[in-house]
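Numbering (my numbering), first residue to last: 120 to 572. Ideal placement from N, C-alpha and C gives every residue a C-beta, glycine not left out.
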């Protein structure tokens with residue numbers, strides 16, 4: 120009983136400290152201390168075994184995924200330094216017009232994240248551009264933040280087949296599938312997330328304008344606007360700007376495409392069997408294309424890639440810390456009882472997958488953290504129940520992208536901190552587009568999969 124209370128206290132402490140702006144790593148360490156003490160776990164087991172090196176340990180995760188985080192951050196940094204990311208954004212703006220700023224924000228974020236740019240880099244890229252868009256279209260800052268979250272943290276993260284997101288790679292590595300597993304289901308979920316999400320944001324925008332709510336500038340907005348370059352400054356053309364993203368996506372898709380036509384080669388087998396290394400290679404090739412196409416990157420290349428390496432550290436450390444928290448949780452008797460309860464529920468297997476992946480991601484406030492824990496602790500049981508690996512890959516991914524965006528989520532906190540927003544001002548819209556809509560999309564896919572089966 121005390122152990123179960125300790126689990127709840129540890130989770131509540133993690134959520135509370137995160138909401139108060141504590142560093143995620145420090146919050147995690149305090150939370151696992153509470154869990155360890157209340158569950159009678161030896162101090163050295165908690166901090167020197169389960170947290171760092173267990174099956175879902177922080178260092179275990181960081182060691183396996185360091186290269187992917189690094190290459191994604193390098194690609195994002197050279198895309199920003201070359202102003203190719205801005206070129207993509209402004210190209211879409213010219214095509215659609217500033218009055219469709221919410222749709223533009225969603226599409227640009229989706230293109231960048233689907234092309235391999237890490238979420239934190241996308242946030243920093245889109246805010247400076249967004250200041251101009253918000254001014255011209257009179258969009259409340261809370262809705263622009265939600266549009267960024269919709270484009271960067273929902274359908275390209277968990278739904279669209281082929282995405283090099285860490286979530287897609289975790290599932291592929293654990294289940295020995297590829298990044299296109301359950302592709303048709305992913306496309307259905309992606310269409311639902313994008314369609315419902317942008318419909319909600321447009322509806323909220325019109326309601327806000329009717330109530331006299333619009334864009335309100337802050338000092339930080341003006342500082343960030345300067346990062347987008349002087350108004351009217353020359354940006355790379357749309358075609359050149361989008362080319363590195365296209366190269367990344369084509370390289371990721373090429374092995375799967377060749378396998379469909381029965382081509383065989385050692386490198387194709389390698390690409391299919393090593394999703395982390397192949398996705399990392401594709402991202403490096405994208406960075407190489409940036410180096411060749413854009414002179415500004417070549418002028419200060421060493422500093423740029425150094426900044427990219429720095430960009431990788433914070434998301435990697437935060438994600439690894441949350442996964443390490445889960446690594447301690449899964450060693451407790453309370454979690455084993457919870458897992459047994461989930462598996463014993465008199466529910467169809469796919470519904471159980473949806474519930475369990477969602478709850479674990481909610482506990483860790485991280486889709487990648489929750490998915491890693493789900494794959495190591497529960498996925499084998501669902502495979503034994505007869506769930507196809509490709510279907511388990513996609514539905515677990517979709518489910519993990521639901522409750523991951525609760526108020527203590529690191530990405531939510533980072534977005535609000537950057538834009539100077541509070542949870543009271545902006546979390547409702549974030550909740551709808553990153554929690555409610557993805558959960559509805561995942562449930563729709565579960566229903567379709569059960570009907571097909």
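Contacting residues, own chain, Cβ-Cβ under 6 Å from residue i (five flanking each side not counted)
| i | result |
| --- | --- |
| residue 403 | 190 |
| residue 529 | 143, 437 |
| residue 201 | 409, 413, 415, 416 |
| residue 257 | 333, 334 |
8 Å Cβ cutoff, residue i in contact with chain B
| i | result |
| --- | --- |
| residue 480 | Reference to chain B is not applicable here, since this structure consists of a single protein chain. |
Helix, strand or coil at residue i [DSSP, three-state]
| i | result |
| --- | --- |
| residue 297 | coil |
| residue 236 | coil |
| residue 408 | helix |
| residue 523 | helix |
| residue 246 | helix |
| residue 332 | coil |
| residue 465 | coil |
| residue 369 | helix |
| residue 314 | helix |
| residue 284 | coil |
| residue 576 | The structure shown does not extend to residue 576, since the chain spans only 120 to 572, so no value can be given for it. |
| residue 162 | helix |
| residue 362 | helix |
| residue 507 | coil |
| residue 382 | coil |
| residue 252 | helix |
| residue 226 | helix |
Delimiting residues of the alpha helix (DSSP H) encompassing residue i
| i | result |
| --- | --- |
| residue 199 | 177-200 |
| residue 141 | Residue 141 -> no alpha helix (DSSP H), and no H or E assigned at all. |
| residue 496 | 486-496 |
| residue 557 | 556-571 |
| residue 538 | 529-538 |
| residue 261 | 260-272 |
| residue 212 | 203-215 |
| residue 549 | 542-550 |
Cβ-based neighbour list, residue i, same chain, cut-off 8 Å, excluding 5 preceding and 5 following
| i | result |
| --- | --- |
| residue 498 | 293, 294, 511, 515 |
| residue 262 | 221, 320, 323, 324, 327, 548 |
| residue 567 | 304, 307 |
| residue 264 | 534, 535, 538, 540, 545, 548, 549 |
Contacts around residue i, its chain only, beta-carbon distance under 7 Å, and the 5 residues preceding and following it disregarded
| i | result |
| --- | --- |
| residue 546 | 526 |
| residue 230 | 207, 364 |
| residue 154 | 125, 126, 129, 447, 448, 451 |
| residue 390 | 374, 397 |
| residue 340 | 250 |
| residue 147 | 133, 440, 441, 443, 444 |
Report task. Return the chain-ordered ranges of every alpha helix (DSSP H) run that is complete within the stretch 392-438 and spans a minimum of 4 residues. Result -> 394-412, 414-418
Query raised in the report: With a cut-off of 8 Å, do at least 3 Cβ pairs link the stretch 260-271 to the stretch 544-559?
Result: yes
Requested in this report: Determine, using beta-carbon pairs with one atom in the stretch 162-180 and one in the stretch 327-337, whether at least three such pairs fall under 8 Å.
Outcome: no
Query raised in the report: Hey, is the stretch 154-162 in contact with the stretch 445-453, meaning 3+ C-beta pairs nearer than 8 Å?
Result: yes
Query - the stretch 541-555 in contact with the stretch 520-528 per 3-pair CB rule at 8 Å - result: yes
**Report entry** the stretch 208-215 touching the stretch 414-426, judged by at least three CB pairs closer than 8 Å
**Finding:** no
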